[in-house]
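Residue numbers (the numbering used here), protein chains in the order written: chain C, 5 to 403; chain B, 44 to 126.
Think of the CB as a built atom: it goes at the ideal place given N, C-alpha and C, for glycine as much as any other residue.
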Amino acid sequence: MKKYYFDHVATNPLHPDVLESMMPYFREEFGNPLSVYEYGMTAKNAIEAAREQVATLVRAKPAEIIFTSTGAEANNFALRGIALARQNEGKHVLVSRMEHHSVLNAARFLEKSGFTVTYLPVDKSGFVDPDTVKKMITKETTLISVIHASSEVGTIEPIKEIVKVAKEHNILVHTDAVATAGNIPVDVLDLGVDLLSMAAHQFYGPKGAAALYVKQGTRIVPLIYGGIQESGRRAGTENVPAIVGMGKAADIAAAELQMRMEYLRPLRDKVIDTMANVERVYLTGDKSNRLPAHASFCVEYIEGEAMLLLLAAKGIFSASGSACSSKALKASPVLLSMGIPSGLAQGSIVFSLGMGNTPEDVGYLTAEFPAVIKRLREISPYSQGWGDKEEGGSCTVKK
Amino acid sequence: MKFVDDVKADVTTDIVYMMCPMHLLKLEEQMKELEPGQILEIMTDYDGAFEDIPAWCSKTGNEFLGVQESPEFFKFYIKKGPR
């Protein structure tokens with residue numbers, strides 16, 4: 005059976021040119037970048053070339069890019085590293101309710117370590133309001149972290165406006181750009197952020213390579229102690245092949261960004277427009293200000309997992325909420341924070357498209373998905389309404 | 044240890060929170076850029092620098108002027124020796 009992959013926010017397939025660029029570093033160029041002889045120097049040069057490519061993708065200086073192993077590490081590094089580095093100035097951090105677990109759980113760690121964290125509310129489209137940010141700033145606030153775009157609902161946040169508010173109060177801003185870097189234009193100078201996380205496997209690069217942009221002159225406490233890799237800010241022998249692949253993927257993404265967006269947007273819109281005609285299916289996130297390849301919905305009276313299983317039986321692979329929430333069969337905190345009732349949030353489904361998807365693939369999806377919904381509603385105990393379940397759960401927001 | 048509080052530096056390098064031995068690598072890198080007689084200021088939180096920086100200076104013919112303490116980090120001053 006043909007496979008239809010519509011889960012590109014989970015991960016992307018590797019670009020063939022990226023794989024090719026990595027191969028010598030698995031084979032003959034196996035040196036440790038810290039070694040002073042030829043093998044080491046070749047590896048070191050490869051890393052520095054990749055640093056330049058990644059920096060170019062987000063218009064940073066090469067020295068402002070610190071390679072990490074994952075986007076989660078970059079997010080942890082940003083939150084803990086800045087909160088600790090600035091703790092003598094204040095111990096208050098603001099994070100939005102749209103954040104990925106790697107920001108939220110790092111924030112919870114800070115709370116346990118004596119910091120105060122305020123969680124910024126969002127509106128029904130998932131937007132953080134810069135005026136709310138302004139109201140929640142205290143004299144103790146040293147860091148604000150707001151995701152650039154949510155991989156769950158696709159909404160792109162007003163980072164520039166949030167930075168404007170933060171700069172009036174000498175507060176640093178971090179943005180988790182894992183879903184955006186390499187997929188839409190990301191420019192650290194235009195955004196004005198001090199820290200930005202990105203991950204290679206979100207733009208056809210390999211897993212195991214990611215980066216944190218740290219604006220020149222920003223002090224950050226390391227997350228991993230050891231040797232002097234990454235200018236003494238992130239220890240550990242570098243994953244040279246993956247970093248080389250990340251550089252190559254960044255290079256290709258920078259060149260193809262517009263083309264990719266122009267190809268994917270109409271496909272995304274076809275999914276959204278088709279689903280708009282299916283009864284009791286609601287688009288989540290903002291309709292226009294969203295990731296170009298992202299279509300997410302809440303389907304009433306059906307569980308997301310049931311949809312995933314039936315779709316998978318037809319060769320269609322997608323997600324229900326975040327990868328983490330999907331596994332835990334738990335209503336997504338992001339959807340709940342947007343005021344979506346917990347019952348409806350269980351019917352979350354996300355289709356994220358990629359360059360491997362053809363218009364025919366999307367045609368197959370838009371033909372099959374409404375049929376899956378119809379079939380599941382026929383057997384759903386809630387097809388006549390939620391009944392008393394609407395009250396269920398402390399997180400429920402009544403309609 | 045010689046403590047100072049009013050040294051005027053020509054170049055400042057901030058390596059606060061960067062891991063050991065960045066204080067020696069940055070020191071060497073920065074000193075190459077300086078002219079004889081110019082003063083480098085290194086800001087670091089690494090207390091091992093109290094031993095390492097004066098030792099590096101005596102080994103390389105540069106003058107260790109002293110250190111200024113502050114609650115969060117230290118400022119080391121090094122004057123470049125004659126070529």
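Cβ neighbours of residue i in the same chain (closer than 7 angstroms, five flanking residues each side left out)
{"i": "N174(C)", "result": "none"}
{"i": "Y217(C)", "result": "V62, A64, E68, I69, V192, L199, L200"}
{"i": "G94(C)", "result": "K143, E144, T145, T146"}
{"i": "I320(C)", "result": "Y8, F10, L369, E372"}
{"i": "T88(C)", "result": "Correcting the residue type first, residue 88(C) is Leu in the shown sequence and not Thr. Cβ neighbours of L88(C) beyond the five flanking positions: V225."}
{"i": "A92(B)", "result": "H66, F117, F119"}
{"i": "T159(C)", "result": "S129, G130, F131, A153, G289, D290, N293, R294"}
{"i": "G137(C)", "result": "For the sequence presented, residue 137(C) should be read as Val rather than Gly. Within the same chain, V137(C) has close Cβ partners L98, L124, I148, I166, V169."}
{"i": "L268(C)", "result": "P296, A297, L357"}
{"i": "P79(B)", "result": "K123, G124, P125, R126"}
{"i": "Q350(C)", "result": "E307, G308, A335"}
CA-to-CA distance, residue j to residue i, given in whole angstroms
{"i": "K128(C)", "j": "C302(C)", "result": "13 angstroms"}
{"i": "L313(C)", "j": "A280(C)", "result": "22 angstroms"}
{"i": "L23(C)", "j": "L315(C)", "result": "30 angstroms"}
{"i": "A257(C)", "j": "Q206(C)", "result": "10 angstroms"}
{"i": "N109(C)", "j": "E307(C)", "result": "26 angstroms"}
{"i": "A82(C)", "j": "K75(B)", "result": "32 angstroms"}
{"i": "C399(C)", "j": "F34(C)", "result": "Here C399(C) scores only 39 on pLDDT, less than 50, and its place in the model should not be relied on; the value that follows carries that caveat. Their backbone Cα atoms lie some 51 angstroms apart in a straight line."}
{"i": "M265(C)", "j": "S356(C)", "result": "13 angstroms"}
{"i": "M140(C)", "j": "D133(C)", "result": "11 angstroms"}
{"i": "K118(B)", "j": "Y89(B)", "result": "10 angstroms"}
{"i": "C56(C)", "j": "T184(C)", "result": "The sequence shown places Glu at residue 56(C), not Cys. Going by the C-alpha atoms only, they are around 19 angstroms apart."}
{"i": "G289(C)", "j": "R101(C)", "result": "14 angstroms"}
{"i": "G360(C)", "j": "I383(C)", "result": "34 angstroms"}
{"i": "G118(C)", "j": "V177(C)", "result": "20 angstroms"}
{"i": "G85(C)", "j": "Q233(C)", "result": "16 angstroms"}
{"i": "I247(C)", "j": "A323(C)", "result": "28 angstroms"}
{"i": "E84(B)", "j": "E72(B)", "result": "13 angstroms"}
{"i": "M61(B)", "j": "A259(C)", "result": "34 angstroms"}
{"i": "T55(B)", "j": "L70(B)", "result": "11 angstroms"}
{"i": "W99(B)", "j": "L68(B)", "result": "11 angstroms"}
{"i": "M250(C)", "j": "T60(C)", "result": "12 angstroms"}
{"i": "P374(C)", "j": "S352(C)", "result": "14 angstroms"}
{"i": "E309(C)", "j": "V13(C)", "result": "17 angstroms"}
Close beta carbons around residue i, own chain, < 6 angstroms, minus the five adjacent residues each side
{"i": "N105(B)", "result": "I121, K123, G124"}
{"i": "G231(C)", "result": "A239"}
{"i": "A203(C)", "result": "G75, V182, A214"}
{"i": "M26(C)", "result": "P245, V248, G249"}
{"i": "I96(B)", "result": "F119"}
Cβ separation of residue i and residue j, assumed to be a contact under 8 angstroms, to the nearest whole Å
{"i": "A153(C)", "j": "E161(C)", "result": "7 angstroms"}
{"i": "V107(C)", "j": "N79(C)", "result": "5 angstroms"}
{"i": "V99(C)", "j": "A111(C)", "result": "5 angstroms"}
{"i": "S341(C)", "j": "V157(C)", "result": "Between V157(C) and S341(C) the Cβ distance is about 10 angstroms, and since that is not below 8 angstroms, they are no contact."}
{"i": "L227(C)", "j": "E77(C)", "result": "7 angstroms"}
{"i": "G358(C)", "j": "N16(C)", "result": "6 angstroms"}
{"i": "R223(C)", "j": "V59(B)", "result": "5 angstroms"}
{"i": "Y208(C)", "j": "L18(C)", "result": "6 angstroms"}
Residue i classed as buried or exposed, judged by whether at least 16 other C-beta atoms fall within 10 angstroms
{"i": "Q262(C)", "result": "exposed"}
{"i": "N187(C)", "result": "buried"}
{"i": "T87(B)", "result": "buried"}
{"i": "G396(C)", "result": "Residue confidence for G396(C) is low, a pLDDT of 42 falling below 50, so the modelled location carries little weight; the figure read from the coordinates is stated next. Exposed is the call here."}
{"i": "Y41(C)", "result": "exposed"}
{"i": "P404(C)", "result": "The structure shown does not extend to residue 404(C), since chain C spans only 5 to 403, so no value can be given for it."}
{"i": "S155(C)", "result": "buried"}
{"i": "G389(C)", "result": "exposed"}
{"i": "R126(B)", "result": "exposed"}
{"i": "E304(C)", "result": "buried"}
{"i": "T72(C)", "result": "buried"}
{"i": "R379(C)", "result": "exposed"}
{"i": "P385(C)", "result": "exposed"}
{"i": "K252(C)", "result": "buried"}
{"i": "S113(B)", "result": "exposed"}
{"i": "S346(C)", "result": "buried"}
{"i": "D180(C)", "result": "buried"}
{"i": "G325(C)", "result": "buried"}
Beta-carbon contacts of residue i that lie in its chain and below 8 angstroms, excluding the five residues immediately before and after
{"i": "L108(B)", "result": "K45, V47, V50, I82, Y120, I121, K122"}
{"i": "V121(C)", "result": "H96, V97, L98, V99, A111, R112, L114, E115"}
{"i": "N36(C)", "result": "Y43, G44, A47, T241"}
{"i": "F30(C)", "result": "P245"}
{"i": "L38(C)", "result": "G44, K48, G231, I232, Q233, T241"}
{"i": "L77(B)", "result": "D53, V54, L83, K123"}
{"i": "P189(C)", "result": "L261"}
{"i": "I377(C)", "result": "V282, V285, V303, I306, M311"}
{"i": "L417(C)", "result": "Outside the displayed range of chain C (5 to 403) lies residue 417(C), so it cannot be described from this structure."}
Exercise for the section: Inspect the CB distances between the region 350-369 of chain C and the region 271-290 of chain C and report whether three or more fall short of 8 angstroms. Expected result: yes
Exercise for the section: Assess, as a yes-or-no matter, whether the region 43-53 of chain C is touched by the region 236-252 of chain C under the definition of 3 or more beta carbon pairs within less than 8 angstroms. Expected result: yes
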